[in-house]
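Here the structure is laid out as structure tokens; the discussion comes afterwards.
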Amino acid sequence: MRQTMSMAAVIPNCFSLCLALFNSHKLTTLVSTPWKRTCTTHVICHAKKEEKLVVVGGGAAGVYGAIHAKTIARHLNVIIVEKGKPLSKVKISGGGRCNVTNGHCADNLILAENYPRGHKELRGSFFNVHGPEDTMSWFSSHGVELKIEDDGRAFPVSNSSSSVIDCLMSEVNQRGVSMQTKKNVTAVSVLPGGKFLLEIKQLPAGSIEHVEVDYLLIASGSNRQGYELASQLGHSIVEPMPSLFTFKIEDLRLRELSGVTFPKVKVRLKLDSLQKNIPQLTQVGPMLVTHWGLSGPAILRLSAWGARFLFSSGYKGRLVVDFIPDVHVESLKTSLSRHKLQFAKQKVINSCPLEFGITKRFWSYVLERQGLSGDILWASISNNSLMSIGSLLKECAFEITGKGPFKDEFVTAGGVPLSEISLNTMKSKICSNLFFAGEILNVDGVTGGFNFQNAWSGGFIAGTTIGGLALQSQS
Ligand SMILES: Cc1cc2nc3c(=O)[nH]c(=O)nc-3n(C[C@H](O)[C@H](O)[C@H](O)COP(=O)(O)OP(=O)(O)OC[C@H]3O[C@@H](n4cnc5c(N)ncnc54)[C@H](O)[C@@H]3O)c2cc1C
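Numbered per mature numbering (1 follows the signal peptide of the UniProt record, and there is no 0), the sequence shown spans residues -20 to -1, 1 to 455.
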């Protein structure tokens, strides 16, 4: 900040400050070449160190981090460099409604269980510092009321992701964070003295600028370039791969059930036995039949927990579905025998065992899979057939032939390993004044607002740590 003081009062201090700054190399960035001419104003202007934070990426983590850094250290020059449009994933998230966080996980240990990558590490301080409740109260105190749906997902009351974007962008503007779009950070190195030197390419023209910065927050999501920047600064990268996808199943009969939902099934993944140390992957929850295979919360959760194993098996494997998970196989078989006696004179297709929530469409699929005509009477079904119907309902196998699309949410597993950062500051353990937040880390959550929560928590912790350091260096 410029101050007006008389030349006489200023010059002696000014000179020694200039000298000190010059010796410590900082002057080159603070005062442009004709420093003698402008000495009084410029040096007084920078009597307190003017520090710069560059945030790579204007997504949820980067924007939230920048806002919080600037909230703590108002003097800090905070610049977000974004190669595309800021908050573009927030815009399309949750089908345009933005599932901001999850409101059903008051216990942080339970919350951490929703992160296939990160569940152990995130049990600690991470969500204690800034968890879902903090996120919800921050948004509500900044004008975005949220509502929690039955399954825990929190959305803006407006049902529009624009509310979230408008709120964040208004904070960016009010706090004086500079948002520089259509610029790509292409390389980074550390200068002697510890500052970062960034190479930034203007898009699409391609002109290049070099910028020196004191603090660097990389919040570039799952972008390949972000991983390269992290590697250039000495970090390793856990191989990135998709998480949260549906299963492609080649079964023409199943396709006829497209649109049918099962409120509660138990799904189990069985992968190539050649892979070592595959844990038992099981999920319980709703499942949906699509025209390419199987989807729904239980499948998506299974895909997230099995992401690495499925990737290595080329997305081939066997899915075993228990359609009636709350009933033991023997009780089910007994009930089917009872049903046979009770409805002996009815056609099997016309009398499905409704007590298990089986729909007529699915019942006809089961009969077809068993090679039974729906026109026979219950009385003529052999006991063996009845027992195998029971087994099929409890252990119905489907061959997974690939990864299906899932457009509502998609996230990348892999990135900067959590062992290389300190989660209570988001600071790199490898490079001084370097921070990470959001999806660039080897953290990913299941569906339900958990991925944004990782971005808000990480952004908050990184931003407030950087703000604190900038304040300290002022004093
Ligand atoms: C369709 C879809 C829907 C989703 N819905 C939900 C949901 O409802 N709830 C939920 O919790 N999660 C959801 N997710 C996941 C969630 O969007 C991400 O986990 C979250 O956006 C990650 O935030 P981030 O800031 O880490 O990364 P991003 O949001 O990906 O932001 C990173 C930004 O960095 C920029 N960038 C990258 N490299 C550079 C560079 N070198 N120079 C300059 N800029 C760069 C990118 O352009 C990008 O804007 C959804 C994801 C998708 C794809």
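Where is the CB? At the ideal position from N, CA and C, for every residue including glycine.
Can you round the beta-carbon distance between asparagine 422 and valine 391 to whole angstroms, since I take them to be within the 8 Å contact cut?
About 12 Å separates the two Cβ atoms, so there is no contact after all.
Mapping the DSSP letters down to three states, classify serine 453 as helix, strand or coil.
DSSP places serine 453 in helix when its eight states are reduced to three.
Contact between the stretch 76 to 93 and the stretch 403 to 421 is defined here as three or more beta-carbon pairs at a separation below 8 Å; is this criterion met?
Contact fails: fewer than three Cβ-Cβ distances are below 8 Å.
On the CB-based measure, 16 or more other CB atoms within 10 Å of its CB, does glutamine 194 come out buried or exposed?
It should be pointed out that residue 194 corresponds to aspartate in this sequence rather than to glutamine. That one is buried.
Once DSSP output is grouped into helix, strand and coil, what is the label at threonine 182?
For the sequence presented, residue 182 should be read as glutamine rather than threonine. Here glutamine 182 sits in strand by DSSP.
What I want to know is whether the C-beta of cysteine 78 ends up closer than 7 Å to one or more non-hydrogen atoms of ligand 1.
The answer is yes for cysteine 78.
Does any heavy atom of ligand 1 sit closer than 7 Å to the C-beta of glycine 39?
At least one heavy atom of ligand 1 is nearer than 7 Å to the Cβ of glycine 39, so yes.
Sorted by chain position, which residues of the same chain lie with C-beta nearer than 7 Å to leucine 316's C-beta, five sequence neighbours on each side aside?
Cβ within range, chain order: Pro333, Leu366, Ile369, Gly370.
Report whether the distance from the Cβ of phenylalanine 432 to the nearest heavy atom of ligand 1 is below 7 Å.
Checking every heavy atom of ligand 1 against the Cβ of phenylalanine 432, one is found closer than 7 Å.
In terms of alpha-carbon separation, which member of Ala199, Phe107, Ala49 lies closest to valine 157?
Comparing Cα positions, the closest option is Ala49.
Any heavy atom of ligand 1 closer than 7 Å to the CB of serine 140?
Not under cutoff, so the answer is no.
Let me check understanding here. Comparing Cα to Cα, which of Phe386, Lys387, Gly438 lies closest to histidine 398?
The identity of residue 398 in the sequence shown is leucine, whereas the question assumes histidine. The shortest Cα separation from leucine 398 among Phe386, Lys387, Gly438 belongs to Gly438.
Can you round the beta-carbon distance between asparagine 82 and glycine 132 to whole angstroms, since I take them to be within the 8 Å contact cut?
At roughly 5 Å, the Cβ-Cβ gap stays under 8 Å, so asparagine 82 and glycine 132 are in contact.
Flag glycine 64 as yes when its Cβ comes closer than 7 Å to any non-hydrogen atom of ligand 1, and as no otherwise.
Yes - ligand 1 has a heavy atom lying nearer than 7 Å to the Cβ of glycine 64.
Along the beta strand (DSSP E) that carries cysteine 78, what are the first and last residues, could you check?
Element bounds for cysteine 78: n/a, residue is neither H nor E.
By the DSSP assignment, the beta strand (DSSP E) with alanine 134 in it spans what residues?
Note, alanine 134: beta strand (DSSP E), 133 to 136.
Please check the pair lysine 69 and lysine 163, which I expect to be a contact at CB under 8 Å, by giving their CB distance rounded to whole angstroms.
With 8 Å as the limit, lysine 69 and lysine 163 do not qualify as a contact, their Cβ atoms being about 18 Å apart.
Quick one: give me the first and last residue of the alpha helix (DSSP H) that phenylalanine 107 is part of.
Looking at the DSSP string, the run of the alpha helix (DSSP H) that includes phenylalanine 107 is 106 to 109.
Give every residue of the same chain whose Cβ lies closer than 6 Å to the Cβ of tryptophan 436, excluding the five residues on either side of it in the sequence, and list them in chain order.
Hits under 6 Å: Tyr44, Thr115.
Consider the C-beta atom of isoleucine 420 and the heavy atoms of ligand 1; say whether any pair is separated by less than 7 Å.
Flag set: Cβ of isoleucine 420 near ligand 1.
Which residues mark the beginning and the end of the beta strand (DSSP E) in which glutamate 219 is found?
Segment 218 to 223, the beta strand (DSSP E) holding glutamate 219.
Between the beta-carbon of isoleucine 52 and the beta-carbon of leucine 373, is there less than 8 Å?
It is not a contact, given that the beta carbons lie outside the stated cut-off.
Where does histidine 215 land, buried or exposed, given buried means 16+ other C-beta within 10 angstroms?
Looking at its Cβ environment, which holds 16 or more other Cβ atoms inside 10 Å, histidine 215 is buried.
Indicate whether alanine 284 and valine 396 have their beta-carbon atoms separated by less than 8 Å.
No, Cβ-Cβ distance for alanine 284 and valine 396 is not below 8 Å.
Which partner residues of histidine 190 appear in the DSSP bridge assignment?
DSSP lists Glu179 as partners of histidine 190.
Can you tell me whether isoleucine 72 sits near ligand 1, meaning its C-beta is under 7 Å from at least one heavy atom of the ligand?
Indeed, a heavy atom of ligand 1 lies less than 7 Å from the Cβ.
Within the present structure, is the beta-carbon of glutamine 205 separated from the nearest heavy atom of ligand 1 by less than 7 Å?
At least one heavy atom of ligand 1 is nearer than 7 Å to the Cβ of glutamine 205, so yes.
Could you give the distance in angstroms between the alpha-carbon of lysine 407 and the alpha-carbon of arginine 341?
Roughly 55 Å between the two C-alpha positions.
Alpha carbons only, please: which of Lys246, Val328, Gln326 is nearest the one belonging to aspartate 308?
A small correction: the amino acid at residue 308 is histidine; aspartate does not occupy that position in the sequence shown. That would be Lys246, whose Cα lies nearest to the Cα of histidine 308.
With a floor of 4 residues, list each alpha helix (DSSP H) that falls wholly inside the stretch 284 to 369, ordered by position along the chain.
Counting whole runs of 4 or more residues, the stretch 284 to 369 contains the alpha helix (DSSP H) stretches 287 to 292, 309 to 322, 340 to 349.
Tell whether a beta-carbon distance below 8 Å holds between asparagine 79 and alanine 134.
Result yes, Cβ atoms of asparagine 79 and alanine 134 sit closer than 8 Å.
If you check the beta carbons only, do valine 137 and glutamate 125 fall under 8 Å apart?
The answer is yes: Cβ separation under 8 Å.
Going by beta carbon distance, what residues of the same chain come within less than 6 Å of alanine 359, once the five residues before and after it are set aside?
Counting only Cβ-Cβ distances below 6 Å, and skipping sequence neighbours, we find Ala324.
If I measure Cβ to Cβ from threonine 161 and keep anything under 6 Å in the same chain, skipping five residues before and after, which residues do I get?
Closer than 6 Å at the Cβ level, and outside the excluded window around threonine 161, lie Glu62.
Give a yes or no on contact between the stretch 99 to 110 and the stretch 168 to 177, applying the rule of three or more CB pairs nearer than 8 Å.
Cβ pair count under 8 Å is below three, so no.
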